[in-house]
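This is the structure:
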């Protein structure tokens, strides 16, 4: 064996699965000398996943250089280091012996979306998985009160989307059926529209189908019909380039639905006193 071959063998990266507890994570981070700035939002999200049991070993490695410098995994280790001492150890794939310069090329791969994962897990077998994943995200956010929280620090994560899909097969079937209609004719973001229409179907499926028929085509709608008012408002938002938050758009849908359900005429939408929705004034679908 030549000197060059021996050197290559010695410097070849090695890998193993190691269980890391909070104390070990703290020791590793105490020696950390070369990493990117911490994103507190990302760390908080990882901590939430770990606490809830949604964090899973997925083969994504914690990486060290030949000089024993931590190259990748700082956020995961930081999240674990902030857990109580009695928090159970978590498995990590650990790779050692990488060139220190390799850190510059990390995180360049395409991130797998929640829609991709729904397809991989066999929960949704069609091209609409990304729209459904987006709708689940909107629905969780809406029903969980997230419309009135800081969006960056309370973002619905991919594991939360997957877990919801696993636990709500009936809702997934309803969304798939809605996507088989003319839903995309509605001039609002498809994932938001799907989330709202799912909620209406869960309240009253027959009424929701009738509401959707008018919303999609506008056929037979006369002045004062709340569905026509909603169509007109969404059309103006779309054609005039107005920016509408999820909260405001969902509010429009719900106001129209409630008025229509109660046989009440509606020609224009009015915001509550003060001009902005609050937790207390935001409409609840009936």
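Residue numbers (my numbering): 7 to 292.
Even for Gly, the Cβ is constructed at its ideal location relative to N, Cα and C.
Note that this is a predicted model, so its numbers are computed, not measured.
| Asked | Found |
| --- | --- |
| First and last residue of the uninterrupted alpha helix (DSSP H) at residue 206 | 196–209 |
| Rounded separation between residue 202 and residue 47 - CA only | 28 Å |
| When 197, 210, 129, 282 are compared against residue 264, the one with the closest alpha-carbon | 210 |
| Where the beta strand (DSSP E) through residue 136 begins and ends | Premise fails: residue 136 lies in the alpha helix (DSSP H), 135–149, not in any beta strand (DSSP E). |
| Given 8 Å, three or more beta-carbon pairs between the segment 258–272 and the segment 223–237 | yes |
| Beta-carbon proximity list for residue 89, same chain, < 8 Å, skipping 5 on both sides | 28, 53, 56, 57 |
| Inter-residue CB distance, residue 190 and residue 162 (contact presumed, cutoff 8 Å) | Residue 190 to residue 162, Cβ: 23 Å. No contact. |
| Contact set for residue 86: own chain, Cβ-Cβ below 7 Å, skip 5 residues either direction | 26, 28, 31, 56, 96 |
| Cβ contact (3+ pairs, closer than 8 Å) linking the segment 180–187 and the segment 128–136 | yes |
| Chain-order list of residues whose beta-carbon lies under 7 Å from that of residue 170 (same chain, five-residue window excluded) | 142, 146 |
| Contact set for residue 135: own chain, Cβ-Cβ below 7 Å, skip 5 residues either direction | 121, 124, 125 |
| Exposure label - residue 206; buried when at least 16 CB within 10 Å | buried |
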